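The opening residue of the sequence shown carries number 1 in the UniProt record's numbering; numbering runs sequentially from there.
Positions of the beta carbon are idealized from the N, C-alpha and C atoms, including for glycine.
Only a predicted model underlies this, so the values are computations on that prediction, with no experimental measurement involved.
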Amino acid sequence: MDQPIQKTALYTSHQALNAKMIPFAGFEMPVSYPQGIQSEYFAIRNDVGIFDVSHMGEFFVTGHNALQFLQQVTINDVRKL
């Protein structure tokens with residue numbers, strides 16, 4: 001049985017920017033934008049860019065030592081996140 005294609009958290013933003021969308025890993029994902037790859041390259045070299053990874057998995061860490069565990073497995077100070 002086929003699963004329905006899901007949409008990422010940034011789907012409407014991709015659509016507003018007229019992205020060419022393709023199915024990838026069960027999600028509708030952008031593959032290109034009308035401005036072209038060179039424009040994207042210069043944008044991230046000179047300004048800022050966003051890469052939509054909201055189609056990737058999530059982990060929920062719970063329990064008494066959750067904070068201590070996350071402090072050990074990440075390079076960030078989790079208490080400040």
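Own chain partners of residue i with C-beta closer than 8 Å, once the 5 adjacent residues on each side are dropped
i	result
residue 7	27 and 28
residue 70	61 and 78
residue 37	none
residue 49	40 and 43
Cutoff 6 Å; reference residue i; Cβ partners in own chain excluding five residues on either side
i	result
residue 32	20
Cutoff 7 Å; reference residue i; Cβ partners in own chain excluding five residues on either side
i	result
residue 54	8, 9 and 10
residue 25	55
Bounding residues of the alpha helix (DSSP H) (the contiguous stretch that carries residue i)
i	result
residue 54	No alpha helix (DSSP H) contains residue 54, which DSSP labels as neither H nor E.
residue 44	37 to 46
residue 73	66 to 73
residue 33	Here residue 33 belongs to no alpha helix (DSSP H), and DSSP marks it neither H nor E.
residue 3	Looking at the DSSP string, residue 3 is not in any alpha helix (DSSP H), and its letter there is neither H nor E.
residue 25	From DSSP, residue 25 is part of no alpha helix (DSSP H); its letter is neither H nor E.
Residue i classed as buried or exposed, judged by whether at least 16 other C-beta atoms fall within 10 angstroms
i	result
residue 4	exposed
residue 30	buried
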